[in-house]
Amino acid sequence: MLLKGDNSVRKTHYDVLAVNQDASYAEIRASYKAAILSSHPDKLLKVSEFQDKFLDVQKAWEVLSDSKARSNYDRELRASAPEVDVVADEVRLEEMSVETDNDLEELSYQCRCGDRYSVTSEELREMGFLLSKNGGVTSVEYTTADVAVSACVLLPCGSCSLRIKLVIDLQC
């Protein structure tokens, strides 16, 4: 994994030692030995070119060889990794089932895991959308002055990690 920082991309300690994040201590040690030999300034004619690489290898070994330091480093990596939304499907408002309980309407769509994606009329209202029933057809109006043709909302499944993109065509 590469980390972005200060308008540059830098390698992780795992990248420097060319090992996976789930590598064992023995794998890390073997990779460290090979990397340190190939970048050691005393063995190379062009010292200045490889000095940075040598220092990176040393730092990577320092962190990854200590179980506590590695655990902290892994936690920092997870925290700095960008979150990726996996969108399982794109669903239009008309495709969702509508159930009414008193004044609250719940729109839902079946996930492939068997559970459902759902959103209530109250949640949509908090996002700036108003549901209205016109002859049995549910439509949405945008509550602010900004006029848009359509909008999208990501809805998580109740059980699994999948999400759908709910496409809402707005009434003008």
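For the sequence shown, the UniProt record's numbering gives the first residue as 1, with consecutive numbering after it.
Don't be surprised by glycine CBs; every beta carbon is placed ideally from N, CA and C.
Within the segment 51-78, no run of beta strand (DSSP E) at least 3 residues long lies entirely inside it.
Residue state for V167 is assigned as strand, using DSSP reduced to three classes. In the three-state reduction of the DSSP assignment, L162 falls in the coil class.
For A35, the number of other beta carbons within 10 angstroms of its own is at least 16, and it is reported as buried. By the criterion of a C-beta distance shorter than 6 Å, S97 is surrounded in its chain by S108, once the five residues flanking it on both sides are discounted.
Residue state for V19 is assigned as coil, using DSSP reduced to three classes. Of all alpha-carbon atoms in Q110, S38, V167, D22, the one lying nearest the alpha-carbon of L124 is that of V167. Around the beta carbon of L154, fewer than 16 other beta carbons lie within 10 angstroms, which makes this residue exposed. About 5 Å separates the CB atoms of C152 and K165; that is less than 8 Å, so the two are in contact. Beyond the five residues adjoining it in sequence on each side, K68 comes within less than 7 Å, by CB distance, of no other residue in the same chain.
Taking 9 Å as the cut-off, the Cβ atoms of D74 and Q21 count as close. For R29, the enclosing alpha helix (DSSP H) begins and ends at 25-39.
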